[in-house]
Amino acid sequence: MTRRSIGIIVNGVTGRMGYRQHLVRSLLAIREAGGVPLADGTTVWPHLVLVGRSETKLCEIAERHGLDDWSTDLTAALARDDVQIYFDAQVTQQREKAIRQAIEAGKHIYTEKPLAEDTAAALDLARAARAAGVRTGVVQDKLFLPGLRKLKRLLDGGFFGQVLSVRGEFGYWVFEGDWQPAQRPSWNYRAEDGGGIVVDMFPHWHYVLAELFGEVRTVSATIATHVPRRVDETGRPYQATADDAAYAVFELDGGVIAQLNSSWCVRVFRDELVEFQVDGTEGSAVAGLRRCRVQHRAVTPKPVWNPDLPVTENFRSQWTEVPDNEDFDNGFKVQWEAFLRHVATGEPFPWDFLAGARGVQLAELGLVSAREGRRVEVPELAL
Ligand SMILES: NC(=O)c1ccc[n+]([C@@H]2O[C@H](COP(=O)([O-])OP(=O)(O)OC[C@H]3O[C@@H](n4cnc5c(N)ncnc54)[C@H](O)[C@@H]3O)[C@@H](O)[C@H]2O)c1
1 MTRRSIGIIV
11 NGVTGRMGYR
21 QHLVRSLLAI
31 REAGGVPLAD
41 GTTVWPHLVL
51 VGRSETKLCE
61 IAERHGLDDW
71 STDLTAALAR
81 DDVQIYFDAQ
91 VTQQREKAIR
101 QAIEAGKHIY
111 TEKPLAEDTA
121 AALDLARAAR
131 AAGVRTGVVQ
141 DKLFLPGLRK
151 LKRLLDGGFF
161 GQVLSVRGEF
171 GYWVFEGDWQ
181 PAQRPSWNYR
191 AEDGGGIVVD
201 MFPHWHYVLA
211 ELFGEVRTVS
221 ATIATHVPRR
231 VDETGRPYQA
241 TADDAAYAVF
251 ELDGGVIAQL
261 NSSWCVRVFR
271 DELVEFQVDG
281 TEGSAVAGLR
291 RCRVQHRAVT
301 PKPVWNPDLP
311 VTENFRSQWT
321 EVPDNEDFDN
331 GFKVQWEAFL
341 RHVATGEPFP
351 WDFLAGARGV
361 QLAELGLVSA
371 REGRRVEVPE
381 LAL
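Mapping of the sequence shown onto UniProt numbering: position 317 corresponds to residue 317, and the numbering continues sequentially without gaps.
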């Protein structure tokens, strides 16, 4: 089988996402599987160039995984002819500058979300990439979660009849960092460093809502910084200046109303860290990361409100599990494979910089809504 090597700069590989989801679970897993097979019988083989700021850390990761190509010099790496793709999983604030450099170097670009810190910058990157003729992609991993794939299957099969509403709960308790170390990097809690749950989660909510239920037309959000003081990775206390919870209502094309809570200050009494309940005229579903349960109208119980009596029914037991019916691979890997095929063959890839800009726009307008205490229209974005 003919193997085509494709050089990929992996920038931010020492980070949480860069290392675990993109290097180990996606790119190395693709190499272990022999590459990405194409329709013409050839295979795309990712050649990885690890890029970062710390020589020691890069060298350690490279050795751990039997890799030998790494550099602390992004400009030099971008100048290489054997590199075709630039990938960015750096902290958000460093992204725009690096992506601009990559566009100027004529590389195709795949990046973590959010694409940029504001809509104007995100659109500008999308336009610059189009003018340069490079292919682009933004991570939209939640679409590939087994739970959401099952939900999509239900929607495609017409299970819900008319979808009325979506209620989502995302979150878990992120430790303050004092008596137990925090499980997320401290920059997430400082607005001046690009943190905040709105900029982190609304880009995800945009593509989940738009792809499954309809384009987002308005947003109304209330945000909070519930935990104002946290302790960083070095043990130093700091002021949390970014929002750590967002309570939002979105109106979608077609009239669906979506209500999504996102919080790093909530203790989990759910089955999964994110769950969406979808109610439709014909049936309802509750989808999480992996599971999805349904209740059809024909088997819907008829509760009667009477606080004088104890609950007589076990409501949770009345739902039916949607079967897997297929093998679900890691979502980040599946999207990487699609992007590599897009670069190699021009196969369509809908999750480009314009799609990424729409996610940035929703976060920006969510913050406007919270600041001004009003519902905000979300205008159509175009290049
Ligand atoms: N798709 C998802 O579900 C998801 C989840 C979490 C984070 N993210 C995104 O991934 C990106 C990285 O997040 P993370 O949680 O891996 O962060 P992290 O702090 O663990 O990693 C950040 C990376 O950026 C590098 N970096 C480059 N310049 C830096 C600078 N000046 N200061 C600090 N670090 C710098 C770090 O060395 C590290 O490799 C963010 O843009 C975030 O929005 C996506």
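Heads up, the beta-carbon is just placed ideally off N, CA and C, and yes, glycines get one too.
Quiz item: Counting Cβ pairs, one atom from each stretch, are 3 or more of them under 8 Å apart for the stretch 284-300 and the stretch 255-269?
Solution: no
Practice problem: Drop a sphere of 10 angstroms on the beta-carbon of residue 13, count the other beta-carbons inside from all chains shown, and report buried for 16 or more, exposed for fewer. | Solution: buried
Exercise. For the alpha helix (DSSP H) containing residue 98, list its first residue and its last residue.
Key: 95-104
Exercise. Would you mind giving the Cβ-Cβ distance between residue 85 and residue 8, rounded to the nearest angstrom? I have them listed as a contact below 8 Å.
Key: 4 Å
Quiz prompt | Runs of alpha helix (DSSP H) wholly within the stretch 66-135 (minimum 4 residues, chain order) | solution = 74-78, 95-104, 119-132
Self-check item: Interface flag, residue 215 vs chain C, CB-CB below 8 Å
Solution: Protein chain content of the structure displayed is limited to a single chain, and chain C is not contained in it.
Practice problem: Please classify residue 321: is it buried, with 16 or more other beta-carbons within 10 angstroms of its beta-carbon, or exposed? | Solution: exposed
Quiz item: In the UniProt domain "GFO/IDH/MocA-like oxidoreductase" (149-285), which residue ranges form an unbroken alpha helix (DSSP H) of at least 4 residues, counting only runs that do not cross its ends?
Solution: 197-212
Quiz item: Under the DSSP definition of a beta bridge, which residues are partnered with residue 295?
Solution: 284
Exercise. Determine the closest residue to residue 172 out of 159, 178, 113, 245, with distance taken between C-alpha atoms.
Key: 245
Practice problem: Tell me whether residue 306 is buried or exposed, calling it buried when 16 or more other Cβ atoms sit within 10 Å of its Cβ. | Solution: exposed
Self-check item: When 263, 239, 78 are compared against residue 169, the one with the closest alpha-carbon
Solution: 263
Exercise. State yes or no: is the C-beta of residue 182 within less than 8 Å of the C-beta of residue 230?
Key: yes
Exercise. Would you mind working out which of 234, 216, 17 sits nearest residue 114, comparing C-alpha positions?
Key: 17
Exercise. Could you tell me which uninterrupted alpha helix (DSSP H) segments, each at least 4 residues in length, are contained entirely in the stretch 324-370, listed from first to last along the chain?
Key: 331-345
Practice problem: Compare the C-alpha of residue 445 against each of 365, 318, 371 and name the closest. | Solution: Nothing can be reported for residue 445, as the shown portion of the chain is limited to 1 through 383.
Quiz item: Taking the runs of the alpha helix (DSSP H) that are 4 residues or longer, which of them lie wholly in the stretch 3-34?
Solution: 29-32
Self-check item: CA-to-CA distance, residue 122 to residue 98, given in whole angstroms
Solution: 13 Å
Exercise. Would you check if the stretch 309-329 and the stretch 188-203 touch, i.e. whether three or more CB-CB distances between them fall below 8 Å?
Key: no
Quiz prompt | Backbone CA spacing between residue 22 and residue 141 [nearest angstrom] | solution = 11 Å
Quiz item: Using DSSP with H/G/I as helix, E/B as strand and the rest coil, what is residue 372?
Solution: helix
Practice problem: May I ask whether a heavy atom of ligand 1 can be found less than 7 Å away from the beta carbon of residue 114? | Solution: yes
Exercise. Please indicate yes or no: does the CB of residue 53 lie closer than 7 Å to some heavy atom of ligand 1?
Key: yes
Quiz item: Got a sec: does ligand 1 put a non-hydrogen atom nearer than 7 Å to the Cβ of residue 92?
Solution: yes
Quiz item: Name the DSSP bridge partner or partners of residue 46?
Solution: 6
Quiz prompt | Any non-hydrogen atom of ligand 2 closer than 7 Å to residue 14 Cβ | solution = Here the bound small molecules are ligand 1; ligand 2 is not part of this structure.
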